[in-house]
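Here is the structure we will look at.
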Amino acid sequence: MAEINADPRVMRLVDDGSTRDLDATAEDVERWEEEWDEEGFGLFAVELLGSGELIGFTGLYVPDFLPEVLPAVAISWRLGSQFWGQGYASEAAQATLEFALQDRGLDRVISISRLGDTASANIADKLGMEQERETTHPVHGFPLVVHSIDLTEFEA
């Protein structure tokens, strides 16, 4: 994961766009593991079926940084750039959405991305999410788009 987080192409649309080193990634992973204990959900490693190679993550988190959408649970994904455009993010996000709505009993899931991040918008669209609102990141000041889906709109 540290290799993925060190890639400027991957990280350019994450938070302030800074890459993360091994120590920062280890702290992220520790926080993600704590989220599983606290919330009953979190991030899943995404691996290639044939080789078991880690290609990124997808999962659920509480978007505390954006109070206007709370209470909400957001879906997230991040893959190594060499795996973009192959359908892996959409497939993993679909499985995560099913987990959220069917296994965890959530009635609504959102996604948050930067305005202009067409790849993330395309994934949200494939998940059946609709654009709910535009807003501004409260710390970094860039425009965000919030997409959402609720259980009544979900088709597994």
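Numbered as in this note's numbering, the sequence shown ends at 162 without a single skipped number.
In this text, a Cβ means the ideal position worked out from N, Cα and C, and glycines have one as well.
Cβ-Cβ distance between residue i and residue j below 8 Å
| i | j | result |
| --- | --- | --- |
| Leu85 | Pro144 | no |
| Val75 | Ile129 | no |
| Val16 | Glu45 | no |
| Phe47 | Ala95 | no |
Residues near residue i by beta carbon distance below 7 Å, same chain, minus five either side
| i | result |
| --- | --- |
| Leu28 | Ala8 |
| Gln137 | Val151, His153 |
Residues that residue i bridges to, as DSSP identifies them
| i | result |
| --- | --- |
| Phe63 | Ala51, Arg84 |
| Leu150 | Arg120, Thr141 |
| Val115 | Ile155 |
| Glu136 | Ser154 |
Cut-off 6 Å between Cβ atoms - residues of its own chain near residue i, not counting five sequence neighbours on either side
| i | result |
| --- | --- |
| His146 | Asp22 |
| Ala12 | Thr25 |
| Leu49 | Trp38, Phe63, Gly65 |
| Trp83 | Thr64, Ala95, Ala99 |
Close Cβ partners of residue i (< 8 Å) along its chain, the five nearest in sequence each way excluded
| i | result |
| --- | --- |
| Leu19 | Ser119, Arg120, Asp123, Ser126 |
| Asp70 | Leu76 |
Inter-residue CB distance, residue i and residue j (contact presumed, cutoff 8 Å)
| i | j | result |
| --- | --- | --- |
| Val52 | Ala80 | Between Ala80 and Val52 the Cβ distance is about 17 Å, and since that is not below 8 Å, they are no contact. |
Closer than 8 Å to chain C by CB, residue i
| i | result |
| --- | --- |
| Arg110 | Absent here is chain C; the protein component of the structure consists of one chain. |
Inter-stretch contact (C-beta, 8 Å, three-pair minimum) for the region 153–162 and the region 99–118: As far as the Cβ criterion goes, the region 153–162 touches the region 99–118, which means the pair count is three or higher.
Taking one C-beta from the region 55–72 and one from the region 87–103 each time, how about it: are there three or more such pairs within less than 8 Å? Output reads yes: the region 87–103 touches the region 55–72.
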